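Q: Sending over a structure as structure tokens; questions will come in a sec.
Residue numbers (the working numbering): 225 to 394.
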């Protein structure tokens, strides 16, 4: 079950899962990290050195209106706006064209978030919130006879392998 509750990017239990257009989920922080690694949104400028001749001047006069700026007599700047980023789903590898704004508006997978929360509670040590132990810890051990989950520290304290507990299957 834990593998179904694990983010395909960070390989940890989902934290603040967002639903991709393909219905797979990714942690919000992981998705933003993936977007950052894909390149910044906005404008990229490329500078081209050109040989000076009449043909180039005629071409520049025709097409310089929107995306070209003349820097000098033989250098032009091409500005490309790329508002979309190809975002590949880490689970199914389907490509999605999403703007940064669309990524921020992806729906939160509340059902998955609730399941992960319940799973973490179930997997928490049954004993660590009792007595003088104030924090819940991850349970690594389960006693079949007692039907209790234990972290390593609580197992050593509350379920030592001696006396009648030595026969319990942990």
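Note that beta-carbon positions come from the ideal geometry of N, C-alpha and C, so glycine has one too.
Fair warning: this is a prediction, and the values are worked out from it, not measured in the lab.
#1: Let's test the definition: count the other Cβ atoms within 10 Å of the Cβ of residue 340 and tell me whether it reaches 16, buried, or not, exposed.
#2: If contacts are defined as beta-carbon pairs under 8 Å, then residue 390 and residue 365 qualify, I think. What distance do you get, rounded to the angstrom?
#3: Going by other Cβ atoms of all chains shown within 10 Å of its Cβ, with 16 needed for buried, is residue 335 buried or exposed?
#4: Kindly confirm or deny that the region 312 to 325 and the region 231 to 249 touch, where touching means at least three C-beta pairs closer than 8 Å.
#5: Using the DSSP secondary-structure output, state which residues sit across from residue 230 in a beta bridge.
#6: Nearest-angstrom Cα distance between residue 333 and residue 373?
#7: Once the 5 residues before and after residue 392 are set aside, which same chain residues still bring their CB inside 6 Å of it?
#8: With DSSP collapsed to three states, give me the class of residue 310.
#9: What first and last residue would you give for the alpha helix (DSSP H) that runs through residue 254?
#10: Mind checking whether residue 311 and residue 243 have CB atoms under 8 Å apart?
#11: Per DSSP, residue 332 is paired with what?
A: Reading it off the structure:
#1: So residue 340 counts as buried.
#2: A Cβ-Cβ distance of about 15 Å is found for the pair residue 390 and residue 365, leaving them out of contact under the 8 Å criterion.
#3: Residue environment for residue 335: exposed (fewer than 16 other C-beta atoms within 10 angstroms of its C-beta).
#4: Because the criterion of three Cβ pairs below 8 Å is met, the region 312 to 325 and the region 231 to 249 touch.
#5: Bridge partners of residue 230 according to DSSP: 237.
#6: CA-to-CA, the gap between residue 333 and residue 373 works out to about 28 Å.
#7: Here the set comprises 367 and 369.
#8: Residue state, collapsed to three classes: strand.
#9: First-last of the alpha helix (DSSP H) with residue 254: 252 to 261.
#10: No, Cβ-Cβ distance for residue 311 and residue 243 is not below 8 Å.
#11: Partner(s): 242.
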